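Read through the structure below, which is laid out as structure tokens, and then see the notes.
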Amino acid sequence: MRRFLAIGAAVVTLAGALTAVPVLAAQRHPTVAEQSLRALAARHDLAIGTAIDMEALHDAADPQYRALAASQFSTVTAENVMKWEALEPTRGVYNWGPADELVDFARRNGQRVRGHVLVWQNQLPAWLTQGVNDGTISDARLRDILRDHITAVVKHFKGKIWQWDVVNEAASDPWDSPSSIHLKGFWAQHLGPGYIADAFRWARAADPGALLFYNDYNIEAFGDRGPSDKTWYVYTMARQLRASGVPIDGVGSQGHLGTQYADYDAFQVGEVLDAFSGLGLATAFTEVDVRSQMTAGVRAGDPAEINPRLQASASNYSVLLQACLADRHCLSFTVWGFTDKHSWVPGWFSDPPEGLATLYDESYRPKRAYNVVKADLAYAGPPYVLPRIPQKPRR
Ligand code: G3I
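Going by mature numbering (1 follows the signal peptide of the UniProt record, and there is no 0), the letters in the sequence shown line up with residues -25 to -1, 1 to 370, in that order.
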């Protein structure tokens, strides 16, 4: 009889448990697959971002672009519309419209904005470069023009930009001549090396609340720390800027990788992030994509050619993201476009053609890289991955 009662009690308990199942189901955690990148990154206080192509964002025939830009990412960067040629195509006449639209899109979607870019030698307006070339703009006048541009742009967006790329790609590459790394391009040529400190000071004066970044490519890992080591050069430059009291808050590592070259692991990349944080600087990955050569086999759809490229691309995304997750000063991880449908890579690298660089394919199907990024965000945590340390502008 006792056994019978015990079995009866067990049946009642089990029945109770079964009736409780719908309640438990309602409270279950969403699966990783059901979550967005931005939701998973938020667990680490990490912003996950993308560059935005404004033409794609406006294309009524391409609603997936807008939907994914809003739902998957917590920070956005203007791929082109905050560059000088876009903002001031005619001298003294600013065209704020497209950049303002992006800032508004970000506000409506609860996203922060990385401002790109205040000082760069590319995508300058013709009136500026021609004026300098034909001598109607003197170098002294050029310095004033740069100060006025930085002041006007940073004030226009004051309070709306989280991180500004103040100076972009100032350092040369080892394949330039001379091969020892030096300051290259239009601004160094006309204004000398002091333009970098000036730019940070002018930006700080115009918006004391924005984090100010130096941004460059091919600075993911240290080399031999000799004269042709670009990462070491940028580290040394950042150290000198900090030591001189220049208001620089962070260094952005663009993260444009190619599967035919990239050969880093997360520890090598982490060493560089640690070195920058040792200077009291924040870090960020600002333009990540990992492209591959498009052989005839890839273009013909041969999986034996495509699959290893997709795997290598995913693995390199993971290397950069893991290093960022492990550094509490690495504030954001931004991809330079999220779909192969709108990526700068095929238009830029044509001989040999390159592509397959982003997280989604041309039909917005998530690629292996997307899933690896997602898994890294989902399965990271203490003790090695801890929430970001909030950064404030230094001075
Ligand atoms: O503005 C013209 C437009 O009027 C015309 O209709 C169109 C037709 O091709 O061309 C437009 O200009 C293009 C511009 O993007 C805006 O779409 C240029 O040809 C094209 O060269 C330019 O490329 C941009 C590139 O910077 C130029 O330097 C890429 O989209 C952009 O992704 C790329 O971004 C840079 C970062 O700013 C800095 N780091 C490297 C990164 C990749 O190169």
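Glycine is no exception: its CB is placed at the ideal position from the N, C-alpha and C atoms. Note that the coordinates shown come from a computational prediction; the quantities given were computed from them, not determined experimentally.
Residue i - DSSP class collapsed to helix/strand/coil
i: residue -7; result: Here residue -7 scores only 47 on pLDDT, less than 50, and its place in the model should not be relied on; the value that follows carries that caveat. Helix at residue -7.
i: residue 313; result: coil
i: residue 209; result: helix
i: residue 220; result: coil
i: residue 232; result: strand
i: residue -17; result: Low per-residue confidence applies at residue -17: pLDDT is 47, beneath 50, and the placement is therefore not dependable enough to give any value.
i: residue 267; result: strand
i: residue 253; result: helix
i: residue 99; result: coil
i: residue 158; result: strand
i: residue 328; result: strand
i: residue 105; result: helix
i: residue 167; result: coil
i: residue 47; result: helix
i: residue 42; result: helix
i: residue 243; result: helix
i: residue 346; result: helix
i: residue 199; result: coil
i: residue 361; result: coil
i: residue 366; result: coil
i: residue 238; result: coil
i: residue 356; result: coil
i: residue 272; result: helix
i: residue 37; result: coil
i: residue 204; result: coil
i: residue 182; result: coil
Closer than 7 Å: residue i CB and nearest ligand 2 heavy atom
i: residue 348; result: Absent from the structure shown: ligand 2. Ligands present: ligand 1.
Check: residue i C-beta below 7 Å from any heavy atom of ligand 1
i: residue 9; result: no
i: residue 33; result: no
i: residue 323; result: yes
i: residue 226; result: no
i: residue 92; result: yes
i: residue 189; result: no
i: residue 291; result: no
i: residue 143; result: yes
i: residue 337; result: no
i: residue 55; result: yes
i: residue 297; result: no
i: residue 192; result: yes
i: residue 63; result: no
i: residue 195; result: no
i: residue 311; result: yes
i: residue 97; result: yes
i: residue 229; result: yes
i: residue 59; result: no
i: residue 319; result: yes
i: residue 329; result: no
i: residue 76; result: no
i: residue 280; result: no
i: residue 246; result: no
Residue(s) in a DSSP beta bridge with residue i
i: residue 194; result: According to DSSP, residue 194 bridges with nothing at all.
i: residue 73; result: Residue 73 pairs with nothing; no bridge assigned.
i: residue 308; result: 23, 260
i: residue 5; result: Residue 5 is not bridged to any residue.
i: residue 188; result: 140, 225
i: residue 335; result: 314, 341
i: residue 68; result: 65
i: residue 149; result: None; residue 149 has no bridge partner.
Extent of the continuous alpha helix (DSSP H) to which residue i belongs
i: residue 297; result: 278 to 301
i: residue 50; result: From DSSP, residue 50 is part of no alpha helix (DSSP H) but of the beta strand (DSSP E) over 50 to 53.
i: residue 373; result: In the structure as shown, the chain begins at -25 and stops at 370. Residue 373 is therefore absent and cannot be evaluated.
i: residue 126; result: 114 to 131
i: residue 12; result: 12 to 17
i: residue 57; result: From DSSP, residue 57 is part of no alpha helix (DSSP H); its letter is neither H nor E.
i: residue 31; result: 29 to 33
Span of the beta strand (DSSP E) around residue i
i: residue 90; result: 87 to 94
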